[in-house]
Amino acid sequence: MKILILNTLYYPYKVGGAEVSVQFLAEGLAEIGHDVYVACIVPKGSVHANTSTTINGVNVLYVPLLNLYWPFNDKARGKLIKLMWHILDSFNPLMIRQVKKLVKAIKPDVIHTNNLAGFSAGVLSCLTKSKVKVLHTARDYYFLHPNCTLMDGKEQLSKDCLSVKFWSAIRGRFLKNVDTFISISYFVKELYCTRFDFLSSKSEVVYNPVQVVDGLNNVKSNRGELVFGFIGRLSPEKGFDDFVKLADFFSSANSNAKFIVAGKGESKYVNSILSLYHRANIELLGFVEPSTFYERIDVLVSPTKWPEPFGRTIIEARSFGVRVIAYPSGGIREIFYLLNESEFLVEDFDTLKVLALSLSFNSLDKEIKMHEGFLIKEHCSQVEELYNA
C-alpha cells in the first residue's frame, strides 16, 4: 500500500512528541512492507526545501512553508502578525497547491494527516477531492484554537469560550472531509466530538506508540538519594515553575534529594523562575536523549497544567523503570488508570509536595505492566486496520 502521511514537522525537525509518534508510525509501516511517504514543512530558505530523502525506509518530502514567517524559532512576534499568520493558516492556497502537486505525483492509496499547522486546515478540502481515503489523527487542539494547547497563560481555555468557538467555526468544518478521525486518547476524542458532533460516527482511539525498554528496573538503591527529574519544554503550561518550587521546598527541608531538568525554554522565563525559587538546587541538562535522562533519575515529576492530549513522557519513564508523579491533566489521568497507578496522581502542588517527600527507594520498586496499546507494533497494526476498513 502506498501511504502519504502529512505532519507539520519530521526528523530532523522536532519540537514535541507528535514528531516522535509520527516517525514511529511511518517507520513501523515501512518495516511491514508499505511504501510510506511523509510530507513536512521546512523554512522557505532552508537547504531542505523542495528536497526529499529516505530515512529508515521512509520517503521524506520537505515542503517550504509559504506563510508570513517560520513559527518554530521562538522569535518574538507582534499580536497582529501572529493573528494574520493563523488566519492564513486556516486556509492557505499556497500550501494547498503544493500538497495537490505531491498527491498528484505520489498517487497514494491512503492519505493520513496529523498536525497540520503550516499546511493549513483547508488542506483537508483538497485531499478529499483526490478521491483517496483520508484519515486524520488529532495530536493537539489545532482545530479548536491556533495555540493548539487550549491555554491562555497559566489558565485553561473553556471549550465554550468565545475564541474557541470562533476558531472552531473557521477550522472545524474541514474535518467533515475526513473518512476516519483518530484521537490519541479518549479525552481528545470526547473534546472533539463534543465540539463537532459530526465526528462521532467516524471516530476511533489509537494510543500513541512508545519505544518500550523491556525488563528494565532503573532504581539505584545504592545511590543514597532520590533523583527527581523534569523533561520537556521549560514553560508555565508544562509546570516547570512547580518543579522548581518543589526543588526549593526540598532544599529548605534539608533533604539530600537531587533535581535534574532536560529540555529548554524561553531564557527570560526560565531565569525568572530560578531567581524566584533561588534555593532550588537544579542541574539543567538542556536537550538530551530521553534514555540518557531517564537513566539518571528515579522519579519523573510531570506537573503539567495544560490538557495534555496523551502524555508520552509518562509511558517513556515507566518503560525505563522510573516512577512518575503527575497532575491529572487531559489524557494523563487516562494513562495512569491504564497502568493501574492512579495513586501517583496528585491534584495540586501541596499534594505533590507531600507525596514526593514520602517516597523512598522501596516505594519505587514496583513491577511494570505496560499496556499493549502503547507498543509500536500494536499501534501500526491498529492504524493499518483503519486504512483497510
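The numbering of the sequence shown is our numbering, which starts it at -14 and goes up by one. Cβ atoms here follow ideal geometry from the backbone N, Cα and C, with glycine treated the same way. This structure is a prediction, so every number in the text was calculated from the model and none was measured.
Apply the 10 Å Cβ neighbour rule to residue i and answer buried if 16 or more other Cβ atoms are within range, or exposed otherwise.
i: residue 171; result: exposed
i: residue 26; result: buried
i: residue 122; result: buried
i: residue 101; result: buried
i: residue 373; result: exposed
i: residue 66; result: exposed
i: residue 316; result: buried
i: residue 322; result: exposed
i: residue 282; result: buried
i: residue 222; result: buried
i: residue 233; result: buried
i: residue -9; result: buried
i: residue 185; result: exposed
i: residue 160; result: buried
i: residue 214; result: buried
i: residue 365; result: buried
i: residue -6; result: buried
i: residue 227; result: buried
i: residue 139; result: exposed
i: residue 153; result: buried
i: residue 32; result: exposed
i: residue 156; result: buried
i: residue 147; result: exposed
i: residue 290; result: buried
Enumerate in chain order the residues of its own chain whose CB-to-CB distance from residue i is below 8 Å, with the five nearest sequence positions on each side excluded.
i: residue 371; result: 120, 165, 167, 189, 191
i: residue 236; result: 264, 265, 266
i: residue 238; result: 342
i: residue 61; result: none
Could you name the residues of the same chain whose beta carbon sits closer than 6 Å to that of residue i, not counting the 5 residues immediately before and after it, in chain order?
i: residue 225; result: 219
i: residue 126; result: 133, 135
i: residue 21; result: -12, 11, 14, 15, 43
i: residue 2; result: 297
i: residue 275; result: 301
i: residue 96; result: -11, 112, 117, 119
i: residue 8; result: -4
i: residue 79; result: 51
Have a look at the options and flag the residue whose alpha-carbon is nearest the alpha-carbon of residue i.
i: residue 173; options: 129, 152, 211; result: 129
i: residue 294; options: 328, 342, 320; result: 320
i: residue 344; options: 161, 328, 187, 182; result: 328
i: residue 360; options: -14, -6, 6; result: 6
i: residue 124; options: 326, 336, 307, 4; result: 4
i: residue 440; options: 57, 272, 78; result: Because residue 440 is not part of the residues shown, which for the chain are -14 to 374, the question remains open.
i: residue 144; options: 115, 179, 138, 330; result: 179
i: residue 338; options: 239, 62, 363, 230; result: 230
i: residue 324; options: 335, 358, 333, 156; result: 358
i: residue -3; options: 37, -14, 18, 17; result: 37
i: residue -1; options: 272, 340, 169, 334; result: 272
i: residue 39; options: 332, 30, 268, 23; result: 23
i: residue 422; options: 48, -14, 69; result: Since the first and last residues shown for the chain are -14 and 374, residue 422 lies out of range.
Apart from the five residues just before and just after residue i, which ones in its own chain have a Cβ nearer than 7 Å to its Cβ?
i: residue 241; result: 210
i: residue 217; result: 223, 248, 298
i: residue 368; result: 10, 191
i: residue 331; result: 310, 312, 337, 340
i: residue 19; result: -14, -12
Is residue i near the ligand ATP, going by C-beta to nearest heavy atom under 6 Å?
i: residue 127; result: Ligands displayed in this structure: none; no statement on the ligand ATP is therefore possible.
With a threshold of 7 Å between beta carbons, is residue i in contact with chain D?
i: residue 243; result: Although the question refers to chain D, the structure presented lacks it and comprises just one protein chain.
Mind the definition here: the segment 263 to 273 touches the segment 80 to 95 only if three or more C-beta pairs lie below 8 Å; say whether that holds. no
Could you tell me whether the segment 178 to 198 touches the segment 282 to 301, using the rule of 3 or more Cβ pairs below 8 Å? yes
At which residue ranges does the segment 126 to 210 contain complete alpha helix (DSSP H) runs of 4 or more residues, listed in the order of the chain? 147 to 156, 171 to 180
Give the list of continuous alpha helix (DSSP H) stretches no shorter than 4 residues that lie fully inside the segment 285 to 373. You should have 297 to 304, 317 to 323, 334 to 343, 346 to 349, 361 to 373.
Is there contact here, the segment 97 to 111 with the segment 65 to 75, by at least three beta-carbon pairs under 8 Å? yes
Mind listing, in chain order, the continuous beta strand (DSSP E) runs of no fewer than 3 residues lying wholly within the segment 227 to 271? 243 to 247, 267 to 271
Measuring CB atoms only, is the segment 304 to 318 touching the segment 277 to 291, in the sense that at least three cross pairs come out at less than 8 Å? yes
What are the start and end residues of each continuous alpha helix (DSSP H) run of 4 or more residues lying completely inside the segment 10 to 82, in chain order? Those alpha helix (DSSP H) runs which fall completely within the segment 10 to 82 and span 4+ residues are 64 to 75.
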